[in-house]
Every structure is written in structure tokens, then in C-alpha cells.
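Participant: The structure's right below; bear with me while I get my questions together.
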Amino acid sequence: MKNIVDELKKEQKINLLLFVVLNLLFIFIVKTNFVYMIALNIALITNIFIKHINKFAKIALYTISFILFVLSIVAF
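Counting from 1, position 10 in the sequence shown corresponds to residue 150 in this note's numbering; the numbering is continuous, with no gaps.
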């Protein structure tokens, strides 16, 4: 049981790092298109704070985040 908790904490740290890095990319590279940034943040925050998330849901969140990131780059 302790291994599962440790693994979840490790995964949350990775997700939080991903959250921060993608936000910095939006701010400094893409010059922040707020609609896409808000949608990305919702997807990432959901992923960070839901501890027991289905693998398919996690893949969907990452896919949505990536698509929104690409769309925001194309928009500029």
C-alpha cells in the first residue's frame, strides 16, 4: 500500500512539473492565447488532483493538452 502512495506522489510531482513547464511555454513562447491556456490548465489540474484516474482518461487529457498546445502555436 505504501508503494502505491509513493508512486502517486511521484506521479503528482511529474504532473505538477509538466503543468508549470507548459504554462511557461505559453507565457514566453506562444504569448498566451487565454482560451487555449484555460482549457489546458483545466485538463492538467484535473490530471494533477485526481489521484485514481483511469489510464484511458489520462491519455485523453494528455492528448487534449497537446492538441490545444499545437492549436495555440498555430493560432499565432
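Glycine included, C-beta positions come from ideal geometry on N, C-alpha and C. In this text, all values refer to a predicted model and were calculated from it rather than measured experimentally.
#1: Please report the straight-line C-alpha distance between K150 and V160, rounded to a whole angstrom.
#2: Are the CB atoms of L164 and F209 within a distance shorter than 8 angstroms?
#3: Quick one: is L157 buried, meaning 16 or more other Cβ sit within 10 Å of its Cβ, or exposed?
#4: Spatial neighbours of V214 within its chain, please: C-beta separation below 7 angstroms, excluding the five flanking residues on both sides.
#5: Just the Cα atoms here: how many angstroms apart are N155 and Y202?
Facilitator: Straight from the coordinates:
#1: 16 angstroms
#2: no
#3: exposed
#4: none
#5: 10 angstroms
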